[in-house]
Amino acid sequence: MIKIPSVIKTSSTGDGPGITLKEIAERFKVHTANVAACNIYFQTIRMLNTHKYSNIDRDTFAKDFRNALSDIDLETPPTDAFIPDVDDGRMFRVNRLAKEYMAIKERVPLSLLEEVYGPANALVILCKHDPNELEKTYDDLFTYFCMFKYIDTIEILRLNMISNFTPMIEWIVENITIEDWKSYLIAKKPNPEKYASKCEDIFFNPDMAATFKFYTENPDPTVPEFDVVDLMMRIVTNMVVRHDIFLVLGVYLIISFAMGDFNNKKAEDSPCGKYVREVLSKI
C-alpha cells in the first residue's frame with residue numbers, strides 16, 4: 010500500500026514546513042475547476058470553428074488583427090459571449106453588447122480599415138455602403154478574437170495545473186519506487202466504471218487524448234511506449250482511500266510534463282522523464 014503522508018516534504022521544500030494534505034486537497038479543487046473551465050473553452054472553440062465568416066477569415070484575423078487586439082482583456086464568459094442559434098444554418102450568434110465586442114468596434118473603426126487596406130479595397134467599399142456589412146465584420150473580428158483568447162487561456166490553465174500540483178509530483182518521483190507501484194497494483198483487471206466516476210472531472214479530455222497518442226504512436230525510440238489510459242485505469246481501480254486520487258492526478262501530470270522533456274531531448278536530465286521511462290512505463 011502506498012500511503013501519502015499528512016505533510017508532504019520534497020527536495021524543493023527542504024527544511025521548510027512542507028505541504029499538508031489539506032492544502033493538497035484545496036489545490037485539487039482548484040485543479041478540477043480549471044479542468045471544467047478548459048472543457049467549456051474547448052467546447053466553445055469547437056462551436057466557433059463552425060463560424061461561416063462574412064468578411065474576415067481566421068487567417069486574415071491572425072495576420073492583421075490578432076496582435077493589435079491582444080491587449081483587450083477577456084471578461085465575458087463564453088456562455089454569455091455567444092448565443093446558441095440554429096437559424097440560417099448557424100450554430101450561434103455573437104453578443105454585440107459584450108465588453109470585448111464594444112472594445113473591438115472602438116479599436117477598429119471604419120476609418121482604420123480604410124487606412125490599413127486603402128479606400129479602393131473591396132471590404133472597405135462594402136462596409137462604407139452597407140452598415141450591416143460593417144457589423145458582420147465586427148462579428149468576424151469578435152469571433153476570432155475570442156477563439157484565440159480561449160486557446161491561450163487553455164494553455165495558461167494547463168500550465169497552472171502542473172505548477173499547482175508540483176509538491177505532489179515531486180513527492181511521487183522522489184519516494185514511490187517501481188516495487189511500491191507493483192505492490193499497490195494488486196487488481197490487474199481495470200474497472201472502467203470506477204475510472205469514469207472518479208476521473209470525470211480531473212482530466213482534460215483533449216489533453217489525455219494527445220498524451221495517449223504521444224506514448225503509443227511516437228516513432229522516437231527514446232520515448233517509452235505504453236498505454237497511459239490503461240495505467241490510469243489500473244491505478245484508479247486499486248485506489249483504497251479517498252486521498253489516493255491525488256496519486257492518480259500526480260502520475261498523470263508527471264506523464265504529461267515529461268512529454269515536453271522528451272520532445273526537447275531533455276528527458277535524461279528530467280526527473281519526470283526518467284520516472285516515466287524507468288518506473289511508470291514498466292508497471
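Numbering of the sequence shown is given in the numbering used here, commencing with residue 10 and proceeding in unit increments.
Every residue, glycine too, gets a C-beta built ideally from N, C-alpha and C.
Span separating the alpha-carbon of residue i from that of residue j
{"i": "V103", "j": "F91", "result": "5 Å"}
{"i": "R105", "j": "L240", "result": "47 Å"}
{"i": "A107", "j": "L78", "result": "15 Å"}
{"i": "D80", "j": "R167", "result": "21 Å"}
{"i": "M10", "j": "I254", "result": "14 Å"}
{"i": "H60", "j": "D149", "result": "8 Å"}
{"i": "N76", "j": "V39", "result": "30 Å"}
{"i": "T175", "j": "K203", "result": "26 Å"}
{"i": "D216", "j": "I263", "result": "13 Å"}
{"i": "V125", "j": "F70", "result": "13 Å"}
{"i": "Q52", "j": "K207", "result": "22 Å"}
{"i": "M156", "j": "R116", "result": "18 Å"}
{"i": "G282", "j": "V16", "result": "25 Å"}
Residue of the options minimising C-alpha distance to residue i
{"i": "M170", "options": "A42, L135, V237, A276", "result": "A42"}
{"i": "P199", "options": "M242, N173, K12, S192", "result": "M242"}
{"i": "D229", "options": "I211, S63, F271, D189", "result": "F271"}
{"i": "K31", "options": "S20, P14, E179", "result": "P14"}
{"i": "G259", "options": "E183, K274, K222", "result": "E183"}
{"i": "K191", "options": "K145, N141, N247", "result": "N247"}
{"i": "D73", "options": "F213, T186, Y153, I187", "result": "Y153"}
{"i": "M100", "options": "T22, R55, P26, S21", "result": "R55"}
{"i": "M177", "options": "K114, S279, K145, R36", "result": "R36"}
Host alpha helix (DSSP H) of residue i (start-end)
{"i": "F151", "result": "140-173"}
{"i": "I33", "result": "30-57"}
{"i": "A347", "result": "In the structure as shown, the chain begins at 10 and stops at 292. Residue 347 is therefore absent and cannot be evaluated."}
{"i": "S192", "result": "187-193"}
{"i": "G259", "result": "254-272"}
{"i": "Y110", "result": "108-116"}
{"i": "R286", "result": "280-287"}
{"i": "V125", "result": "119-126"}
Limits of the beta strand (DSSP E) - the one that residue i falls within
{"i": "F101", "result": "101-103"}
Residues that DSSP places opposite residue i in a beta bridge
{"i": "I92", "result": "R102"}
{"i": "I17", "result": "I28"}
Which of helix, strand or coil DSSP assigns to residue i
{"i": "I244", "result": "helix"}
{"i": "I11", "result": "coil"}
{"i": "P87", "result": "helix"}
{"i": "G22", "result": "With the sequence shown as reference, residue 22 is identified as Thr, and Gly is not the correct amino acid for it. If DSSP states are grouped into helix, strand and coil, T22 belongs with coil."}
{"i": "P215", "result": "helix"}
{"i": "V232", "result": "coil"}
{"i": "V250", "result": "coil"}
{"i": "S206", "result": "helix"}
{"i": "D239", "result": "helix"}
{"i": "S290", "result": "helix"}
{"i": "Y224", "result": "helix"}
{"i": "N184", "result": "helix"}
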